[in-house]
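Peer 1:
Below, the structure written as structure tokens:
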């Protein structure tokens, strides 16, 4: 139970700042046009969903690897 929680907290703390830098650098001209911030929130939501999905896929891969070695939990 604690291993997935630890993995997700470390994964998100490392990748979210990099993700935000990349997304907001790429879409800076689009964000400069929008004064309300709706586009920024949409981009943030989509990139966060993609990041959590990727973290889930990586954790499942690690979990399968550990299960095959019989060192899980």
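In our numbering, the protein residues as written are 2 to 74. Beta carbons: idealized from backbone N, C-alpha and C, even for Gly. Predicted, not measured: the structure shown is a model, and the values here were computed from it.
1) Between the Cα of residue 12 and those of 36, 21, 55 and 43, spot the shortest distance and give me the residue it belongs to.
2) Could you give the C-beta distance for residue 32 and residue 25, rounded to a whole number, given that I count them as a contact under 8 Å?
3) Which residues in the same chain as residue 28 place their Cβ atom closer than 7 Å to its Cβ, once the five residues preceding and following it in sequence are excluded?
4) Could you check where the alpha helix (DSSP H) with residue 8 kicks off and where it finishes?
5) Could you say which of 57, 69 and 20 lies nearest to residue 7 if we only look at CA atoms?
Peer 2: The relevant details are as follows:
1) Taking the first residue of the chain shown as position 1, residue 12 is located at position 11. Among 36, 21, 55 and 43, the Cα nearest to that of residue 12 belongs to 55.
2) Residue 32 sits at position 31 when you count from the first residue of the chain shown. Residue 25 sits at position 24 when you count from the first residue of the chain shown. Contact flag correct, Cβ pair sits at about 7 Å.
3) Taking the first residue of the chain shown as position 1, residue 28 is located at position 27. Cβ within range, chain order: 44.
4) Translated into positions along the chain shown, residue 8 becomes position 7. Note, residue 8: alpha helix (DSSP H), 3 to 27.
5) Your numbering for residue 7 matches position 6 in the chain shown. Here the closest residue by C-alpha is 57.
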